[in-house]
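In the working numbering, the protein residues as written are 3 to 365.
Working notes for the structure below.
Structure representation (structure tokens):
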């Protein structure tokens, strides 16, 4: 199992080494809305036409992009589509070991073995969480009877959670309660133990915080947002704008690890509120802008993204028999052994770490 895991890293290193950046071009178009009153402008992006037999996602020819600007400047476009739909997202499932390792790697750069050791301490030493070496993200229905006691324990362990827990609906049964999805062990969840959190070191607290907040999120409403898309046509050229505005925060309240209005999560939830336009409305294309961009190489694996790649290795295999085997066995290694596999590659000096990035050595 070490060999194909190492091969993933070596392959990625070679892809980065041999990567040659290419320039591609985007055209941004700005349409006057509301008849130009108050200078309201809708920013859109030109959509590259799909040519038969081609799967090109970027415009690589500057002349083609410039031609769009030349023929659309000061032209009137027609709104061919203006849709706003209310979308809902249910609370995320509980952590299993693998996605807990991935999340901790992404947030703090923790190694896979580090996370395993930490969550094992939360389970064995502090008794604050359930069995960690699990591949399951669900809970048995029978444990729904323990919800009130667990929420009370969480509040007793950490008074800063009291207000959040008061907002939770302990009678709400999310999709996480599902006997049919239970494997050898259920998802990682907080327990009814009340030793407090003063004894936890910073890593233990960070991991515990992820686990407990994911559990609390199950008792909040769905996250709701309005997804908008506007398409404008000037003859054969099409321009598109997209927007997303949070309407009901729901379970996201439980996952806010700190209040930070400039956080990426908040920005992602509010990607431009688009001006109100109607289908068949005529809009003047006030001006266009040509933007040069460069393609970027793939990123080196981190321990978190490597674990994800080990899980999904079947997608990179063409042999049908091997693909089936890897799908049935959930990829390379198991939830409990992947951290050790990576650790062994370090010990044998096959790989090295630079900041969060994993790279193969010259051995």
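A virtual CB, placed ideally from N, CA and C, is assigned to each residue, including glycine.
Computed from a prediction, not measured in an experiment: that's the story for all the values here.
Inset, instruction - Round the Cβ separation of residue 26 and residue 61 to the nearest angstrom and send it over; I've been treating them as touching at under 8 angstroms. - result: Confirmed, Cβ separation roughly 6 angstroms.
Legend entry - Beta-carbon spacing of residue 29, residue 319 below 9 angstroms: For the 9 angstroms CB-CB criterion, residue 29 and residue 319 do not form a contact.
Inset, instruction - Rank 164, 143, 144 by C-alpha distance to the C-alpha of residue 153 and give the top, closest one. - result: The shortest C-alpha separation from residue 153 is found at 164.
Legend entry - Beta-carbon proximity of residue 132 to residue 185, cut-off 9 angstroms: Cβ distance not < 9 angstroms, so residue 132 and residue 185 don't count as in contact.
Legend entry - The beta strand (DSSP E) enclosing residue 85, as first and last residue numbers: First-last of the beta strand (DSSP E) with residue 85: 78-91.
Legend entry - Alpha-carbon spacing of residue 79 relative to residue 247, whole angstroms: The straight-line gap separating the alpha-carbon atoms of residue 79 and residue 247 is approximately 25 angstroms.
Inset, instruction - With a threshold of 16 other CB atoms inside 10 Å of the CB of residue 52, please say whether the residue is buried or exposed. - result: Per the 10 Å Cβ criterion, exposed.
Legend entry - Spatially closest choice to residue 97 from 10, 141, 363, 81, by CA coordinates: Of 10, 141, 363, 81, the residue nearest in Cα terms is 141.
Legend entry - Whole alpha helix (DSSP H) elements within the segment 198-283, 4-residue minimum: Segments of the alpha helix (DSSP H) lying fully in the segment 198-283: 204-218, 254-257, 266-271.
Inset, instruction - For residue 107, collect the residues of the same chain with a Cβ closer than 6 angstroms to its Cβ; drop the 5 residues on either side in sequence, then sort them by chain order. - result: Closer than 6 angstroms at the Cβ level, and outside the excluded window around residue 107, lie 304, 305, 306.
Inset, instruction - For residue 35, count neighbouring C-beta atoms within 10 Å of its own C-beta (all shown protein chains included) and say buried if the count is 16 or more, exposed if not. - result: Here residue 35 is buried, its C-beta having at least 16 other C-beta atoms within 10 Å.
Inset, instruction - On the DSSP bridge assignment, give the partners of residue 355 in chain order. - result: Under the DSSP definition of a beta bridge, residue 355 partners with 360.
Inset, instruction - Would you kindly work out how many angstroms separate the C-alpha atoms of residue 276 and residue 32, rounded to a whole number? - result: Approximately 12 angstroms between the Cα atoms of the pair.
Inset, instruction - Could you say which of 291, 360, 346 lies nearest to residue 46 if we only look at CA atoms? - result: The shortest C-alpha separation from residue 46 is found at 291.
Legend entry - Cβ-based burial, residue 230 [other Cβ within 10 Å; buried from 16]: Burial is judged here by how many other beta carbons sit within 10 angstroms of a residue's own beta carbon; residue 230 has at least 16 and is buried.
Inset, instruction - Return the CA-CA distance between residue 86 and residue 228, expressed in angstroms with no decimal places. - result: Each residue's Cα considered, the two are about 6 angstroms apart.
Legend entry - Separation of residue 240 from residue 168, as counted between CA atoms: Residue 240 has its alpha-carbon roughly 49 angstroms from the corresponding atom of residue 168.
Inset, instruction - Taking 8 angstroms as the threshold, find out whether the segment 316-332 comes into contact with the segment 101-120 through three or more Cβ pairs. - result: Segments in contact, no.
Inset, instruction - Would you list the residues sitting across from residue 291 in a DSSP beta bridge? - result: Looking at the DSSP output, residue 291 sits in a beta bridge with 30.
Inset, instruction - Between the Cα of residue 337 and those of 316, 310, 90, 362, spot the shortest distance and give me the residue it belongs to. - result: It is 310.
Inset, instruction - Pull up the distance between the alpha-carbon of residue 90 and that of residue 226, whole angstroms please. - result: In a straight line, the C-alpha of residue 90 is about 5 angstroms away from that of residue 226.
Inset, instruction - Starting from the Cα of residue 21, find the closest Cα among 299, 235, 114, 217 and give me that residue. - result: Checking every option, the nearest Cα to that of residue 21 belongs to 299.
Inset, instruction - Would you decide whether residue 82 is buried or exposed? Buried here means 16 or more other CB atoms lie within 10 Å of its CB. - result: Residue environment: residue 82 is assigned as exposed (fewer than 16 neighbouring CB atoms within 10 Å of its CB, all protein chains considered).
Inset, instruction - Give the C-beta separation of residue 136 and residue 99 to the nearest angstrom, bearing in mind that I take them to be a contact with Cβ-Cβ under 8 angstroms. - result: Between residue 136 and residue 99 a beta carbon distance of about 6 angstroms is seen, short of the 8 angstroms cut, so the two are scored as contacting.
Inset, instruction - Determine the closest residue to residue 77 out of 287, 352, 315, 316, with distance taken between C-alpha atoms. - result: By alpha-carbon distance to residue 77, the top candidate from 287, 352, 315, 316 is 287.
Inset, instruction - Determine contact between the segment 192-206 and the segment 114-134, defined as no fewer than three beta-carbon pairs at a distance below 8 angstroms. - result: By the criterion of at least three beta-carbon pairs nearer than 8 angstroms, the segment 192-206 is in contact with the segment 114-134.
Legend entry - Alpha carbon of residue 281 to alpha carbon of residue 235, nearest angstrom: For residue 281 and residue 235, the distance between alpha carbons rounds to 11 angstroms.
Inset, instruction - Under 7 angstroms Cβ to Cβ from residue 216, same chain only, skipping five residues before and after it: list those, please. - result: Same-chain partners within the cutoff: 94, 96, 97.
Inset, instruction - Out of 360, 341, 358, 362, state which residue places its alpha-carbon closest to the alpha-carbon of residue 122. - result: It is 341 whose Cα lies nearest to the Cα of residue 122.
Legend entry - Nearest neighbour of residue 138, chosen from 312, 10, 170, 102 [CA to CA]: The candidate whose alpha carbon is nearest that of residue 138 is 102.
Legend entry - Burial state of residue 368, where buried means 16 or more other Cβ atoms lie within 10 Å: The first residue shown for the chain is 3 and the last is 365, placing residue 368 beyond what the model contains.
Inset, instruction - Count the other C-beta atoms from every protein chain shown that fall within 10 angstroms of the C-beta of residue 351, then say buried if there are 16 or more, exposed otherwise. - result: Burial state of residue 351 is exposed, judged by a 10 Å Cβ sphere holding fewer than 16 other Cβ atoms.
Legend entry - Minimum C-alpha distance to residue 118 - residue among 222, 360, 343, 326: From the listed residues 222, 360, 343, 326, the smallest Cα separation to residue 118 is found for 343.
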